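Remarks on the structure that follows.
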Amino acid sequence: MIRNYFNTAIKNLFRNKSFVIINISGLATGIACVILFFLWVTDEISYDKFHKNKDRIYNVLTVWNRTQHNSMSVTPFPLAPTLKERHPEVEEYTRYWQYPALVESNEVKDMDEKIHLVDPGFFRMFSFPLVSGNFDESLLTRSTIILTESAALKYFGDKNPIGKTLTLNKELELYVSGIIKDPPKNSIFDFTMLASILHVDEYRLNDDWSYAGPTYLMLTPGSSSEKFREKVEGIYKERNPESSARMILQEFKNVYLYKDGLPDRIIYVYLFSGIALVILILACINYMNLSTARYVKRSKEIGLRKMNGATRSQIITQFLGESFVFSFASMVLALIIVELIRPVFNDLTLKQLEMHYNEPSLIVGLVVIYLFAAILSGIYPAFVMSSSKPVVAISSSPGSKGNNRLLNMLIILQFSISIALIISAVTINRQVNFIHKKDMGINKDNIILLPFHGDMIDKYDMLRERIMSHPSVIYVSASYDLPFNLTSAVSFVWDDTPIEDRIGVRYNMVDFDFIEAMGIEMADGRSFSEEYASDDSTAYIINESARKLMGVEKAVGRNIRFLHPHLPDHIKTGNIIGVVKDFNIRPVKEETGPLVMKIYRPFYRHMYIKHNNTDLQGLLGFLEDVQNDNYPGMPFYYSFLDDEADKIYSVEFRTGKIILYFTIISIMISCLGLLGMAIYNLELRKKEIAIRKVMASSVSRIIRMILLKYLKWIIISFVVAAPVAFYLTKRWLQQFAYGVKISAFTYGFSLLLVVVITCLTIGFLARRSGQINPVKILKGD
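If you read the sequence shown in this note's numbering, its first letter stands for residue 14, the second for the next number, and so on.
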């Protein structure tokens, strides 16, 4: 019997070629989208799941208020060894500190931004496979370094690097004691070399309880993280009794998805999972609609089978079997589509997603998607087609009113999903464009960015003077952090303010002409100037937000004590010489906060060259010549400041494009469903249309009735979709401190777009229906 059902399904495939092409292509497109999103989501949730001890490792977060709205993965460096010493629950710990350096071997010289300093416990906590060497001894002294396989190949070629030396920043010689596998792409750790944390200043490691960098703890089996958190806070409060900050423990397996303890990538996991489910549902609804549209053509077959003794369960089994055959064909086509467009999808998502057909997770995923599509798309047509009585079926009746009501509800659901997707896509792309065009309070245009390396700070004045000699250059300056992404925080007091009233601020160490090069506007006072001898030591500039927190009308001229633990004492105390207007010192997800700037060259990491854009290629060649004269053999690296700003929002930019593209696909799938329902409705009225043509009456009235029915469904769908889209887009926009307003135009545009698509589709089919031969229809041919 099963073979008979299978053979019947195959015959129907070849008997109705146009139907098969439309149905399979629509379902295959939906399944292909779901598979791509499945690969993306699977990759996202796989981050750092390969570590054997992942369930016992915790990231220590510092929280600056009672909620987690201001938390960061930074801790004082003495915290971890103190916890290890006092509490047996701590089995291992490691601190993780970025250490960019100029790296030299006998044949290669390069600037490496991915060197990190760690504690020996790093390798006992995390599962990075050892290729050669000894982890137990490798990081116990200051004289060793571990390379990844790619770094070993880069600096030593095919030679065995164990025991050989690398020079960092022209003064630190380290011998290679181990080689490990490169960190996989699905890890938060991205390093090329690992050296001992002992290269951090001894004071910062042992005595400085200000915020430094990330700390990871591995607790003993059975230890309660909640109970242990109180001990972490206790030690911190003991060392910083006046601080309002507190410590919390974040499960390591959540670090990637919940950056700094707050929902981050997990938002897009839910978003893309929802879109995948929606697209699959749309594709399945299309199958239902198109199958139902074919009902009248197969109703006589069903009626005759029933009259010959076929039971309802046999009819249901037959049509579900057809659905499984259709879905299998669609799955095969979907896999072909995925393989064809996967490289494009990888470029769009900046991932390296692959289809490993022997992986159990992929096999299970594909089977679940196939069963979901086959059952969902086939169950309604099967029950509709099996519910009619034989006499009704032979007379080509469409079925009961209840079935029609359910079919109408599916159409409304389909329209609702499409409208909600269009509203969401338009809103997200408006926000992305807003981010791209937002006035951040600085001028990022025509600024070349060069990294500091080696003894560049010692040669800075000479380099600056030589670069300024180029006719295209307007300003040369430098800073610690990029102006729109300040990562460091500290506090300050002013005049006779007590220490407990200190203000927490972001800070940036900058150079002369920084404010001018960035086009930052002064609100009061003046900028840094080489005409004032003390400006490079005791002068401070704050922003308007910092002045407001001080609670003073006039900040210029006030004394300030900058409570930074790593500045020489003689420059911690100074005076405020100017106040700049607020500009975005953090991504637009965060509000502009208080800022302090001062000149302190030992901290510089970026050099800025502001130019007039008259001879860019000539200027780049000139800068490369300057570098080669001072650092022969060093690769020339440069970037543009506006590109660096865009990188901060790359996730949002890519997300906007992905949602836009897949919204277009969902609209195309919905058009197929609309096509099926239009065929269905016109099929039901074909005799009426034929009679009207014979009687020389207008067919347009029927067309208007059908259009009015669809317009009614669209209005109902809009009423359903609008509040859902409003809620979802509002939730998404809440992650941005600065964003677009939800616009009535977006909703009107989405509604109009669906109406236009519907009218065009129905009009096209109606025109074809108006051209039919009424005699053939009335004869039943």
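Ideal placement from N, C-alpha and C gives every residue a C-beta, glycine not left out.
Please read these numbers as outputs of a predicted model, since none were measured by experiment.
Item: Assumed close pair L49, Y300 - CB separation to whole angstroms, cut-off 8 Å; Value: Not really, about 20 Å apart at Cβ, beyond 8 Å.
Item: Per DSSP, cross-strand counterpart(s) of R108; Value: T228
Item: Minimum length 4: unbroken alpha helix (DSSP H) runs contained in the stretch 178–209; Value: none
Item: Bridge partner(s) assigned by DSSP for L74; Value: I261
Item: Where M718 falls, given that 16 or more other Cβ within 10 Å makes a residue buried; Value: exposed
Item: The stretch 591–601 contacting the stretch 626–639, beta-carbon criterion three pairs below 8 Å; Value: no
Item: Spatial distance of W222 from K250 (CA atoms); Value: 10 Å
Item: DSSP state of G532 mapped onto helix, strand, coil; Value: coil
Item: Proximity to E57 [Cα-Cα], best of I279, H64 and E120; Value: I279
Item: Exposure of Y269, with buried meaning 16 or more beta-carbon neighbours within 10 Å; Value: buried
Item: Distance, Q331 Cα to A342 Cα; Value: 17 Å
Item: Outcome for S663 when other beta-carbon atoms lying within 10 angstroms are tallied against a minimum of 16; Value: exposed
Item: Any 3 or more C-beta pairs closer than 8 Å across the stretch 480–495 and the stretch 539–548; Value: no
Item: For E215 and Q365, the rounded distance between their alpha carbons; Value: 41 Å
Item: C-alpha distance - T95 paired with G570, whole-angstrom precision; Value: 42 Å
Item: Exposed unless 16 or more other CB atoms sit within 10 angstroms - verdict on Y545; Value: exposed
Item: Segment contact flag, the stretch 430–441 with the stretch 636–653, C-beta cutoff 8 Å, min 3 pairs; Value: no
Item: Euclidean distance between Cα positions of F204 and E162; Value: 11 Å
Item: Among Y553, A347 and A208, the one whose alpha carbon lies nearest that of R108; Value: A208
Item: CB of V523 within 8 Å of CB of S547, strictly; Value: no
Item: For V87 and P464, the rounded distance between their alpha carbons; Value: 24 Å
Item: Exposed unless 16 or more other CB atoms sit within 10 angstroms - verdict on T233; Value: exposed
Item: Length-filtered (3 minimum) beta strand (DSSP E) runs lying within the stretch 561–622; Value: 572–575, 586–593 and 608–612
Item: Endpoints, the alpha helix (DSSP H) within which T330 is located; Value: R325 to T362
Item: Whole-Å CB distance - V518 paired with V609, under 8 Å assumed; Value: 5 Å
Item: Collapsed DSSP secondary structure at W222 in the structure displayed; Value: coil
Item: Outcome for S683 when other beta-carbon atoms lying within 10 angstroms are tallied against a minimum of 16; Value: buried
Item: contact_flag[the stretch 280–299, the stretch 375–390] where n(CB pairs < 8 Å) is 3 or more; Value: yes
Item: Given 8 Å, three or more beta-carbon pairs between the stretch 102–116 and the stretch 281–295; Value: no
Item: Contacting residues, own chain, Cβ-Cβ under 6 Å from V291 (five flanking each side not counted); Value: I430
Item: Straight-line Cα distance separating I441 from R667; Value: 11 Å
Item: Among I622, A386, L580 and D508, nearest to I480 - alpha-carbon criterion; Value: I622
Item: Integer-rounded CB distance, given that L179 should sit under 8 Å from V116; Value: 6 Å
Item: DSSP-derived helix/strand/coil call for G776; Value: helix
Item: Pairwise C-alpha distance: P600 and N498; Value: 6 Å
Item: Span separating the alpha-carbon of Q444 from that of A536; Value: 29 Å
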